[in-house]
Amino acid sequence: MPDEYLPLIDRDAARVRLRRPMTDPEFACALSHRRICSLIVNEGLAGAVVLEDDAILTPDFPDFLRAGHHRTDTLVLLDYASGRALPWQRKRAGRWLMYRPARRASLNTAYTVSRRTADELLRASTPVSFLADWPADLFHLQAWLTEPRVVHHSPAGQGPSHIAEQRDAAEMQYLREKKNSARFFKANYYRGLVRRRLARRVGS
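Numbering of the sequence shown is given in the working numbering, commencing with residue 157 and proceeding in unit increments.
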């Protein structure tokens, strides 16, 4: 990690949040997405469609953009994994359905983000102490999951990213620390627990 980026990251806080060391490739990925949010906010842009190097556009992607469904007041995940949502928290966008995520969905291969939400993500990643996907709660960001997805990603072990390899090595070298039992005394914990229990899988 180059010295110039060290003031932008917090390794100790990341270890607490992840319960393992966060690797340099993970920090680099998070910093790149933080930079995008910073550009949106500082340049006064309405928002942006963000695509990672391993994004695989489906034939529906141009239609999705032409229909204007990428325009959002918050955040729309065009690709994701482990998506779960409350079935009744959804809206129709042409031939697609948009679901409000009930819990963290992984991957940020492709998404569209508004300036307001970019600012929230920027503040949540200053300094960087969590993975690029996602430093803030998607439910509270009022994000959406697109169903079906209009972007896919390279299979694990393919494409330009080596993040997974170093992440797996970090998890092998360190035992996960015990979870903080204080969370059981917070109302938000139980609200989130109920929400996650009621959620249903979204995406294939």
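Don't be surprised by glycine CBs; every beta carbon is placed ideally from N, CA and C.
Note that the coordinates shown come from a computational prediction; the quantities given were computed from them, not determined experimentally.
Its chain contains L187 as the residues whose beta carbon lies nearer than 7 Å to that of Y161, once the 5 sequence neighbours on both sides are disregarded; these appear in chain order.
Taking 3 residues as the shortest admissible run, the region 199 to 233 contains the following complete beta strand (DSSP E) segments, listed from N- to C-terminal end: 203 to 207, 211 to 213, 231 to 233. Going by C-alpha positions, P218 is about 26 Å away from W290. In the pairwise beta carbon analysis, the region 291 to 305 is classified as not touching the region 191 to 210: fewer than three pairs are separated by under 8 Å. Buried is the label assigned to L277, since at least 16 other Cβ atoms lie within 10 Å of its Cβ. When DSSP reads this structure, L301 sits in a beta bridge with L233, Y255. Under the criterion of beta carbons closer than 8 Å, A249 and R356 do not qualify as touching, at roughly 19 Å. Cα atoms of V306 and P163: separation of roughly 36 Å, rounded to the nearest angstrom.
Straight through space, the alpha carbons of L174 and F286 are spaced by roughly 7 Å. Beta-bridge partners of V358 (DSSP): none assigned.
Taking 8 Å as the upper bound for CB-CB distance, L213 and A237 are not in contact here, some 17 Å apart. Nearest Cα to E303 within the set D180, L201, F220, D168: F220.
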